[in-house]
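For the record, in the sequence shown the residue sitting at position 349 is 485 according to the working numbering, with numbers rising by one throughout.
For every residue, glycine included, the Cβ atom is placed at its ideal position computed from N, Cα and C.
Below is one structure, written out as structure tokens, with a few remarks after it.
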Amino acid sequence: MYVKRGVCVFRGDEYHYRLHDYAPRSQPVKYERWLELAGKIENVYFEGYPQIVKQKGSEVKYEMKIEKNVMVPMSDGIRLAVDVYRPTAEGKFPTILSFGSWGKDICEMVLWMPPQQYLPDSPLWAGNLEAGPIPYFVERGYVVVVPDPRGWKLSEGEIDVFADTMFNDWPRDIYDLIEWIIKQPWSDGKVGMMGECIYGAAQILAAALKPHPALITIAPWEYVGVLVDDVNFNGALHTMLYSILTNRHVNDSNAWPRCKLIPWAFKHLSKEEVNKRIEELLSHPDIKYNPRYYGVLAYPDMDPAGFMIDGLLQWLHPIPKDEFPYENIKIPTYLNTPLLVAIYIWDTFYAFEKIAAKDKKLLVSLPREMPRPWVDYADELIRWFDYWLKGIDTGIIDEPPVKMFVTGINKWHFEREWPPKRMRFKKLYIHPKGFLSFDKPSENSPPESFTQPALYEDPTVYAMFYTSDTLKEELEIIGPVEFHLEASIDKDFTNWIIDLIDIAPTGEAFVVSTGYNCSYFRELDEKKARTGFPVYKRKEYEPTPRGVKIEYRVAMMPVAHLFQEGHRIQAIIRNQDDLLSKEGLVRDYILPRMETVTHTIYYGNSYFELPVVPAVPEKLLLT
Numbered sequence: 137m138y139v140k141r142g143v144c145v146f147r148g149d150e151y152h153y154r155l156h157d158y159a160p161r162s163q164p165v166k167y168e169r170w171l172e173l174a175g176k177i178e179n180v181y182f183e184g185y186p187q188i189v190k191q192k193g194s195e196v197k198y199e200m201k202i203e204k205n206v207m208v209p210m211s212d213g214i215r216l217a218v219d220v221y222r223p224t225a226e227g228k229f230p231t232i233l234s235f236g237s238w239g240k241d242i243c244e245m246v247l248w249m250p251p252q253q254y255l256p257d258s259p260l261w262a263g264n265l266e267a268g269p270i271p272y273f274v275e276r277g278y279v280v281v282v283p284d285p286r287g288w289k290l291s292e293g294e295i296d297v298f299a300d301t302m303f304n305d306w307p308r309d310i311y312d313l314i315e316w317i318i319k320q321p322w323s324d325g326k327v328g329m330m331g332e333c334i335y336g337a338a339q340i341l342a343a344a345l346k347p348h349p350a351l352i353t354i355a356p357w358e359y360v361g362v363l364v365d366d367v368n369f370n371g372a373l374h375t376m377l378y379s380i381l382t383n384r385h386v387n388d389s390n391a392w393p394r395c396k397l398i399p400w401a402f403k404h405l406s407k408e409e410v411n412k413r414i415e416e417l418l419s420h421p422d423i424k425y426n427p428r429y430y431g432v433l434a435y436p437d438m439d440p441a442g443f444m445i446d447g448l449l450q451w452l453h454p455i456p457k458d459e460f461p462y463e464n465i466k467i468p469t470y471l472n473t474p475l476l477v478a479i480y481i482w483d484t485f486y487a488f489e490k491i492a493a494k495d496k497k498l499l500v501s502l503p504r505e506m507p508r509p510w511v512d513y514a515d516e517l518i519r520w521f522d523y524w525l526k527g528i529d530t531g532i533i534d535e536p537p538v539k540m541f542v543t544g545i546n547k548w549h550f551e552r553e554w555p556p557k558r559m560r561f562k563k564l565y566i567h568p569k570g571f572l573s574f575d576k577p578s579e580n581s582p583p584e585s586f587t588q589p590a591l592y593e594d595p596t597v598y599a600m601f602y603t604s605d606t607l608k609e610e611l612e613i614i615g616p617v618e619f620h621l622e623a624s625i626d627k628d629f630t631n632w633i634i635d636l637i638d639i640a641p642t643g644e645a646f647v648v649s650t651g652y653n654c655s656y657f658r659e660l661d662e663k664k665a666r667t668g669f670p671v672y673k674r675k676e677y678e679p680t681p682r683g684v685k686i687e688y689r690v691a692m693m694p695v696a697h698l699f700q701e702g703h704r705i706q707a708i709i710r711n712q713d714d715l716l717s718k719e720g721l722v723r724d725y726i727l728p729r730m731e732t733v734t735h736t737i738y739y740g741n742s743y744f745e746l747p748v749v750p751a752v753p754e755k756l757l758l759t
């Protein structure tokens, strides 16, 4: 098998980022059997996501009726258009509210559209179908309420800056909606919330900023945190959000109301400051040679995606943010993130750690965006809602708080806490000539360099590859990961992109984790940073000193992975995504560099901090 070491070409399609050929399923575990296993969960793996079974949960019993465009008054006098899905039978039922910004009339496609896999498995995956498995819950005795937020279609009110609306209007409007719900003749007075992505963010905002007493529980699935202070990409500007909001991300989304959104900066900064920043960006090589983003800034009033303008205007001049008050969330919370999906994973783990609720759980699912319309794990969520909204002791509350998919063996596993207490960080060093080892190299080892041409001159991605010898025994890592890098560059800045790879004996390569860091993010926030979780201060752009060796701590995506005996571990250091790969063609990439940059890597103190858990000689696999 050919092993890449040293400077080689990086081709994104040679690596598996998503697990396409695995269909998640539940695995019931009788309560009596669980009592036998509970003391040794570190040894136990499951074929499906495990579900401890005590009492039988809600079953299909009801037919569904739909009330469209019920106009619900808010406390400031405007009215929101709401769709109510409820059982046809008389009686009072608990309610699940799904609040988000993609439009209730498109989310009703869940009534007839089969779930579509993410590209390339289906051309019809649509990221905006996130409100949830509506019929599944109604047929089992729940009312589901899906509104359009203010400013959307029939819902009254105006919005200008989306971030202001989201943080100010949404919590109040959700509070008012719940107040209306509990007064309806079909309501039993208990309300939960569900939804993916932006629908998950709405739940976090409601529970933290203006919780209604009748809001009993939330379930933010594939939670996208627009709330954490630059944990995600540490200055490396990700372009997916702009692609989504302009309907250019795998053609998946209806664009948001174009005439009603203006960027945050246009309202909160002076016109002079905005124009100054626009001119600065128009002369920046990464914008000047990128027609897509040059056009955004050359005609900023025409851009429908205020988020992208704000991202660009704050790229070199970050605006300080207050720490989001996750500790205000006291109600039971069930979070989810897939592995290896950058827009979800860091924020979800951060929220799980910070939320103060006594009863909180985290399901870490397999590495891929869930199919749309979103219906996956409905049988898991109903166990949660049955317990909190109907008082049925389904068994879910007896489960350990973390339930996760382990890549490498594609099994499921419980953890008692995050990160696992039994985990210990172990240094894995990069070596000259492309080797990777747990042994530390000499600090006198000569540095090595690679050069990345500007994208408009050569779209080929060049990188440094480091590959271990074959593993003599399996290695399991569960927890946060970071990469310590000592390096210098010959330009004012670069993006550092680090990949951790599992290479099978067949040569098949699976991405375990990726991390990002822009070189101008160099000053750690010592109050927040810790091993496996480096956080940098938001500061004005300062050019990277040319030719000076600098230490970076690159935040990698948290992992749950088992490297099998006979496999190899690989590290890749690069500064570009492969825009000609399938991932790049669906517009999921870091803003590329438009200058040729030479990167010099130093050895001796460049290494991964891997969260190694003790080997389990005899795993118990329940099928």
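Residues of its chain near C395, where Cβ-Cβ distance is below 6 Å and the 5 sequence neighbours each way are ignored: Residue confidence is low: C395 scores 49 on pLDDT, short of 50, so the model does not pin down where it sits. No coordinate-derived value is stated.
Can at least three beta-carbon pairs, one atom from the segment 276–291 and one from the segment 207–222, be found at a separation below 8 Å? Between the segment 276–291 and the segment 207–222, the count of Cβ pairs shorter than 8 Å is three or higher; the stretches touch.
Measure the alpha-carbon distance for V538 versus W554 and round it to whole angstroms. The alpha-carbon atoms of V538 and W554 are separated by roughly 7 Å.
Residue-chain proximity (Y430, chain B), Cβ-Cβ < 8 Å: Checking the listed chains, one finds no chain B in this structure; it contains a single protein chain.
Classify V364 as buried or exposed, calling it buried when 16 or more other Cβ atoms lie within 10 Å of its own Cβ. The predicted model places V364 with a pLDDT of 44, which falls under 50 and marks its position as unreliable; any figure quoted below should be read in that light. Label assigned to V364: buried.
A707 - partner residues in DSSP beta bridges: In DSSP, A707 forms a bridge with Y602 and L636.
Under DSSP, the alpha helix (DSSP H) around I317 begins and ends at which residues? DSSP places I317 inside the alpha helix (DSSP H), whose first and last residues are W306 to I317.
How big is the Cα-Cα spacing for L517 and L313? CA-to-CA, the gap between L517 and L313 works out to about 22 Å.
Cα-Cα separation, G740 to S578: Their backbone Cα atoms lie some 5 Å apart in a straight line.
Would you mind listing the beta strand (DSSP E) stretches within the segment 157–184 that are 3+ residues and don't spill past its ends, in chain order? Listed in chain order, they are 162–166 and 180–182.
On the DSSP letters alone, give me the boundaries of the beta strand (DSSP E) that R560 sits inside. Run containing R560: R560 to H567, per the beta strand (DSSP E) assignment.
Is the beta carbon of L672 less than 8 Å from the beta carbon of E659? Sequence check: residue 672 is Tyr here, not Leu. Result yes, Cβ atoms of Y672 and E659 sit closer than 8 Å.
Which residue or residues does DSSP assign as beta-bridge partners of D714? Its beta-bridge partners do not exist; DSSP assigns none.
Roughly how far, in whole angstroms, is the beta-carbon of T736 from the beta-carbon of S573, given that I think they are within contact range, below 8 Å? Actually they are not in contact, since the Cβ atoms of T736 and S573 sit about 21 Å apart, beyond 8 Å.
Is there contact here, the segment 243–259 with the segment 296–304, by at least three beta-carbon pairs under 8 Å? Flag = no, the segment 243–259 and the segment 296–304 do not touch.
In three-state terms, what does DSSP make of Y254? Coil, per DSSP.
Residues in its own chain within less than 7 Å of G193 by CB, not counting five upstream and five downstream? In chain order, I518, R519, D522, I528 and T530 place their CB closer than 7 Å to the CB of G193, counting only its own chain and leaving out the 5 sequence neighbours on each side.
Residues in the same chain with beta-carbon distance under 7 Å from K562, minus the five sequence neighbours each way, listed in chain order, please. Cβ-Cβ distances below 7 Å link K562 to F574, L746 and V748 in the same chain, with the five nearest sequence neighbours on each side left out; the list follows chain order.
Cβ-Cβ distance between V597 and Q450 below 8 Å: The criterion of a C-beta distance shorter than 8 Å is not satisfied by V597 and Q450.
Could you tell me if E226 is buried or exposed, where buried requires 16 or more neighbouring beta carbons within 10 angstroms of its beta carbon? With fewer than 16 other Cβ atoms within 10 Å, it is exposed.
From A174 to V180, what does the alpha carbon distance come to, in whole angstroms? Cα-Cα distance, rounded: 9 Å.
Cβ neighbours of K140 in the same chain (closer than 8 Å, five flanking residues each side left out): Same-chain partners within the cutoff: G570, F601, T603 and Q706.
Inspect the beta-carbon positions of T732 and A623 and report whether they are closer than 8 Å. Their beta carbons are not under 8 Å apart, which means T732 does not touch A623 by this criterion.
With respect to the beta strand (DSSP E) encompassing E745, which residues constitute its N-terminal and C-terminal limits? Here the beta strand (DSSP E) through E745 covers Y743 to V748.
Run through DSSP, which three-state label would S234 get? When DSSP states are grouped into helix, strand and coil, S234 belongs to the coil group.
Check whether the Cβ atoms of I236 and A338 lie closer than 8 Å to each other. It is Gly, not Ile, that sits at residue 236 in the sequence shown. Closer than 8 Å, so yes.
Give me the Cα-Cα distance between N426 and S406, rounded to the nearest whole angstrom. The alpha-carbon atoms of N426 and S406 are separated by roughly 26 Å.
Could you give the DSSP three-state label for G328: helix, strand or coil? Shown here, G328 sits in a strand according to DSSP, grouped into three states.
Would you mind giving the Cβ-Cβ distance between Y167 and V189, rounded to the nearest angstrom? I have them listed as a contact below 8 Å. Yes, they are in contact, since the Cβ atoms of Y167 and V189 sit about 6 Å apart, within 8 Å.
For the alpha helix (DSSP H) containing P339, name the first residue and the last one. Strictly speaking, residue 339 in this sequence is Gln, with Pro absent from that position. Start and end: I334 to L345.
So, G643 versus G148, is the Cβ gap smaller than 8 Å? No, they are not a contact pair.
In its own chain, which residues sit with a C-beta less than 7 Å from the C-beta of A487, not counting the 5 before and 5 after it? Excluding the 5 residues flanking it on each side, A487 has same chain C-beta neighbours closer than 7 Å at I340, Y359, G361, Y462 and L471, in chain order.
How many angstroms separate the CA atom of H620 from the CA atom of V684? Straight through space, the alpha carbons of V684 and H620 are spaced by roughly 16 Å.
Whole-angstrom C-beta distance between I545 and Y743, which should lie under 8 Å: Between I545 and Y743 the Cβ distance is about 25 Å, and since that is not below 8 Å, they are no contact.
If we count the other Cβ atoms within 10 Å of its Cβ and call it buried at 16 or more, is E195 buried or exposed? It is exposed - the Cβ of E195 has fewer than 16 other Cβ atoms within 10 Å.
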